[in-house]
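Mapping the sequence shown onto full-length UniProt numbering, position 59 (from 1) lands on 59, and the numbers just tick up by one. Working notes, beginning with the structure itself.
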Amino acid sequence: MSTITETAAQDPAPAPTSKKSAFTGAQLLEALPGAFKKLDPRAMWHNPVMFIVEIGAAYTTVLAIAEPFTGGPGTSGGSVVPGSFTWAIAVWLWLTVVFANLAESVAEGRGKAQAESLRKTRTSTSAQRVRGYSSADPSAEDAETEEVSSADLTLGDTVVVVAGELIPGDGDIVWGIASVDESAITGESAPVIRESGGDRSAVTGGTRVLSDRIVVTITSKPGETFVDRMIRLVEGAARQKTPNEIALNILLASLSIVFVVVALTLDPIASYSNAAVSVPVLIALLVCLIPTTIGALLSAIGIAGMDRLVQRNVLAMSGRAVEAAGDVTTLLLDKTGTITYGNRQAASFDPISGVTVRDLTEAAATSSLADPTPEGKSIVDLAVLHGYSIPDAPRGEIVPFTAQTRMSGLDLADGSQIRKGAGSSVTAWVGDLDGRTRDELDSIVTRISNAGGTPLVVATRSADGTGRILGVVALKDVVKTGLAERFAELRTMGIRTVMITGDNPLTARAIAAEAGVDDFLAEATPEDKLALIRREQEGGNLVAMTGDGTNDAPALAQADVGVAMNTGTSAAKEAGNMVDLDSDPTKLIDIVRIGKQLLITRGALTTFSIANDVAKYFAIIPAMFAGIFPRLGLLNIMQLHSPASAILSAIVFNALVIVFLIPLALRGVKYRAASASAILSRNLLIYGVGGIVAPFIGIKIIDLVVSLLPGF
1 MSTITETAAQ DPAPAPTSKK SAFTGAQLLE ALPGAFKKLD PRAMWHNPVM FIVEIGAAYT
61 TVLAIAEPFT GGPGTSGGSV VPGSFTWAIA VWLWLTVVFA NLAESVAEGR GKAQAESLRK
121 TRTSTSAQRV RGYSSADPSA EDAETEEVSS ADLTLGDTVV VVAGELIPGD GDIVWGIASV
181 DESAITGESA PVIRESGGDR SAVTGGTRVL SDRIVVTITS KPGETFVDRM IRLVEGAARQ
241 KTPNEIALNI LLASLSIVFV VVALTLDPIA SYSNAAVSVP VLIALLVCLI PTTIGALLSA
301 IGIAGMDRLV QRNVLAMSGR AVEAAGDVTT LLLDKTGTIT YGNRQAASFD PISGVTVRDL
361 TEAAATSSLA DPTPEGKSIV DLAVLHGYSI PDAPRGEIVP FTAQTRMSGL DLADGSQIRK
421 GAGSSVTAWV GDLDGRTRDE LDSIVTRISN AGGTPLVVAT RSADGTGRIL GVVALKDVVK
481 TGLAERFAEL RTMGIRTVMI TGDNPLTARA IAAEAGVDDF LAEATPEDKL ALIRREQEGG
541 NLVAMTGDGT NDAPALAQAD VGVAMNTGTS AAKEAGNMVD LDSDPTKLID IVRIGKQLLI
601 TRGALTTFSI ANDVAKYFAI IPAMFAGIFP RLGLLNIMQL HSPASAILSA IVFNALVIVF
661 LIPLALRGVK YRAASASAIL SRNLLIYGVG GIVAPFIGIK IIDLVVSLLP GF
């Protein structure tokens, strides 16, 4: 059974379309109005942790207003608290909620800026709609057309677009070829070629035709174009919580409920000792106990993950796709254009016995003079290096390559012929071969294939029909530099790489070994790709792959992460859950890294948040009950000034730490390729220990400042 490998080991990663700082003063000011709008309880209840904080802030505010009429704030664990205490707690509780909303608002703000630039490309334009389009007249030259607004086009309409016009909607080219400016979508100024009948037939509404004339069938409904979906996604309006986010939210809500119960039971305990605890103090305790830090940053982490993809010109159709990329264990990548550069180059001429290198070189070069492919041009270039003199024009009738003959060449004026192509096709064209020639030819072909090359057999046939094998041209598909290191890095991450290729098993095995992939699938068909993905998934693996053709659509739909190329067909883009606007298949490695960075960032900040809460107990609990249980003073290891200053300092720190962590949530924790256990150990050391130490330092510093205030 053939093997597989993946991994587009990529050339230097494409630069993000934008390199904005994670958190700037300008972004802060722009995000503030949105942060206050999110105080609406109808929006806040989606975040259970911060919803509890908002309720506590509102209740504390009511108490602060009522205190002048009810006799003041009272005591906390037997200690008198200043009159401004309740107001100070209320203000910082509100700031805690605002800072949490600010994190999400900043993350959304960058998406809205990108959406605004996209809206400028979504202008209504006129379109020449074909009435009664028929495949019998694919060019629509004789068809009747009518001018309509692009907003009136519906699924299935056919339009004609000529040079200088905007393409009125998403569609597939059914006739023609044109140069198209897609800079409005991809940011790339260089035009691209789009043509009918292949995997580069899809066009996007709002892009401009620069040359020629094309006929396009519309494939999207009004309001559901690619640009419309991009706008909704980058704005965050279409972002849904991922399963892991939902599960974590449920855990945080459960912990919060537990601590609500704990806080409610503390007052009866204190009352039993004739020392009441004020409600503001209980609310402060509750807010410090529940995981407010991760509750405040969770949504921003998810939005920022999608934003990092957008900066790399990748459009994720859902947050779940980004998250799945972080859990991928198997990568499937095509060989051509991903692992190799895709343009096979002539590497050597290997004549058989009785044929000189010069004879083989001249025959191969002559048959390649009119060959427009990179392979044909490279044969001529290599022949020139061997002393071949290029004639002014090909000497004969050109025979183009076809999938049926698998050969190309020339029919010369004297009746002789030259052919080059696949070994089986050329030997069949030559006719019967003697055993020695066949054995020698098989030996050369096998040697080239084992070395990862592609053998191109060259032969002639004289005017009387006598055929002769001259030798083999070795074509080499060059593996991209640095791939072996990239694949080793993926292996460290626990990701298995599989190369998909149509090459024969010998060639595939050689390239797989040179590139350093884990496995390969040779002579792959669309059905083989789909079957492979299903086998991997049945084995418990999450699979990622790239594709651009209609025949890739089933596999893209089946994969856990399916990255469709923007140059591909509409079927491929609909089937995948990500679209790469740059159509760079090697970007899949970056997508996996961004997904892993998202998961690691979420885990690191969750660890920090929980560790943070543990440390805050040492500030709040001794302060609350030192008057009732003097021995609890032993836990006051920070030696805070007073119970009131300790409680307020903890609340202030709880709010400020959110602000300090917003840049990290947006930028993401720096990712290094390592095993899951190594990453876990690192996070526990840095964010676990750091989460315990930071509050001791922060609360103590704040307490020193608070102690200077009157009454504290």
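Glycine included, C-beta positions come from ideal geometry on N, C-alpha and C.
Whole angstroms is fine: what's the gap from residue 597's alpha carbon to residue 526's? Along the sequence shown, one-based indexing puts residue 597 at 597. Along the sequence shown, one-based indexing puts residue 526 at 526. In a straight line, the C-alpha of residue 597 is about 32 Å away from that of residue 526.
Same chain only: Cβ atoms within 6 Å of residue 704, ignoring 5 sequence neighbours per side: Within the sequence shown, the letter at position 704 stands for residue 704. Nothing listed; no residue qualifies.
DSSP three-state call for residue 152: helix, strand or coil? Within the sequence shown, the letter at position 152 stands for residue 152. Three-state DSSP puts residue 152 in a helix.
Residues of its chain near residue 208, where Cβ-Cβ distance is below 6 Å and the 5 sequence neighbours each way are ignored: Looking up residue 208 in the sequence shown gives position 208. Cβ neighbours of residue 208 beyond the five flanking positions: 166, 181.
Limits of the beta strand (DSSP E) - the one that residue 348 falls within: Counting from 1 along the sequence shown, the entry for residue 348 is found at position 348. Unbroken beta strand (DSSP E) run through residue 348: 345-351.
Would you mind working out which of 70, 86, 55, 54 sits nearest residue 64, comparing C-alpha positions? Sequence index remark: in the sequence shown, residue 64 carries index 64 (1-based). Looking at the Cα atoms, 86 is the closest of the given residues.
Any idea which residues DSSP pairs residue 492 with across the strands? Here residue 492 refers to the residue found at position 492 of the sequence shown. Partner(s): none; residue 492 has no beta bridge.
How long is the line joining the alpha carbons of residue 429 and residue 468, rounded to whole angstroms? Stepping through the sequence shown from its first residue, residue 429 is reached at position 429. Stepping through the sequence shown from its first residue, residue 468 is reached at position 468. Their Cα atoms are separated by approximately 10 Å.
Label residue 94 either buried or exposed according to how many other C-beta atoms from any shown protein chain fall within 10 Å of its C-beta, with 16 as the threshold for buried. Against the sequence shown, residue 94 aligns to sequence position 94. With 16 or more Cβ atoms within 10 Å of its Cβ, residue 94 is classed as buried.
Residues that residue 455 bridges to, as DSSP identifies them: Translated into the one-based positions of the sequence shown, residue 455 becomes position 455. In DSSP, residue 455 forms a bridge with 474.
Let me check one thing: in DSSP terms, what residues is residue 713 bridge-paired to? Residue 713 falls outside the range modelled here, since the chain spans only 1 to 712, and no answer is possible.
Along the chain, where does the beta strand (DSSP E) containing residue 195 start, and where does it finish? Here residue 195 refers to the residue found at position 195 when the sequence shown is read from its first residue. Looking at the DSSP string, the run of the beta strand (DSSP E) that includes residue 195 is 192-195.
Reducing DSSP to helix, strand and coil, say where residue 401 ends up. Within the sequence shown, residue 401 is the residue found at index 401, counting from 1. Three-state result, residue 401: coil.
Under a three-way DSSP split, which group does residue 499 fall into? Here residue 499 corresponds to residue number 499 of the sequence shown, with the count starting at 1. Three-state result, residue 499: strand.
Check whether the stretch 249-266 and the stretch 38-55 touch, using three or more Cβ-Cβ pairs below 8 Å as the test. yes
Taking the alpha carbon of residue 554 as the reference point, which residue from 542, 565, 531 has its own alpha carbon closest? If you number the sequence shown from 1, residue 554 lands on position 554. Ranking 542, 565, 531 by Cα distance to residue 554 puts 531 first.
Helix, strand or coil at residue 237 [DSSP, three-state]: Position 237 of the sequence shown, counted from the first residue, corresponds to residue 237. A caution first: residue 237 carries a pLDDT of 42, below 50, which makes its placement in the model unreliable, though a value can still be read off. DSSP places residue 237 in coil when its eight states are reduced to three.
By Cβ distance below 7 Å, which residues in the same chain neighbour residue 296 in space, the five residues on each side in sequence not counted? Taking the first residue of the sequence shown as 1, we reach residue 296 at position 296. Only 50, 99, 100, 103, 658 meet the Cβ criterion.
For the alpha helix (DSSP H) holding residue 436, just list the boundary residues, first then last. Your numbering for residue 436 matches position 436 in the sequence shown. Here the alpha helix (DSSP H) through residue 436 covers 435-450.
Under the three-state DSSP convention, the category residue 134 falls into: Taking the sequence shown and counting its residues from 1, the one referred to as residue 134 is at position 134. It is coil, neither helix nor strand.
For residue 670, does the count of other Cβ atoms within 10 angstroms reach 16, so buried, or fall short, so exposed? Along the sequence shown, one-based indexing puts residue 670 at 670. Exposed, because fewer than 16 other Cβ atoms sit within 10 Å of the Cβ of residue 670.
Cα-Cα separation, residue 387 to residue 348: Position 387 of the sequence shown, counting from 1, holds the residue named residue 387. Position 348 of the sequence shown, counting from 1, holds the residue named residue 348. When rounded, the distance between both Cα atoms is 14 Å.
Neighbour-count burial assignment, residue 639, 16 or more Cβ in a 10 Å radius: On the sequence shown, residue 639 is found 639 positions in, with the first residue counted as 1. Per the 10 Å Cβ criterion, exposed.
Contact check, residue 714 vs residue 650 under 8 Å by CB: the rounded distance? Residue 714 lies beyond the range of the chain shown here (1 to 712); nothing can be said about it.
State buried or exposed for residue 693, treating a residue as buried only when at least 16 other CB atoms are found within 10 Å of its CB. Position 693 of the sequence shown, counted from the first residue, corresponds to residue 693. Its Cβ having fewer than 16 others within 10 Å, residue 693 is exposed.
Check for me: the alpha helix (DSSP H) holding residue 429 runs from which residue to which? Counted from its first residue, the sequence shown places residue 429 at position 429. Taken as a continuous stretch (DSSP letters only), the alpha helix (DSSP H) holding residue 429 covers 423-430.
With distance defined between alpha-carbon atoms, name the residue in 543, 453, 460, 461 nearest to residue 494. Locating residue 494 in the sequence shown gives position 494, where the first residue counts as 1. Here the closest residue by C-alpha is 543.
Which residues does DSSP pair with residue 179 in a beta bridge? Within the sequence shown, residue 179 is the residue found at index 179, counting from 1. In DSSP, residue 179 forms a bridge with 193.
Extent of the continuous beta strand (DSSP E) run through residue 544: Stepping through the sequence shown from its first residue, residue 544 is reached at position 544. First-last of the beta strand (DSSP E) with residue 544: 543-547.
Three-state secondary structure (DSSP) at residue 667? Your numbering for residue 667 matches position 667 in the sequence shown. DSSP places residue 667 in helix when its eight states are reduced to three.
Could you give the residue range of the alpha helix (DSSP H) that holds residue 206? Looking up residue 206 in the sequence shown gives position 206. Careful: residue 206 lies outside any alpha helix (DSSP H) and carries neither H nor E.
Alpha carbon to alpha carbon, what distance is there between residue 583 and residue 509? By one-based count along the sequence shown, residue 509 stands at place 509. By one-based count along the sequence shown, residue 583 stands at place 583. Near 26 Å, if we compare the C-alpha coordinates of residue 583 and residue 509.
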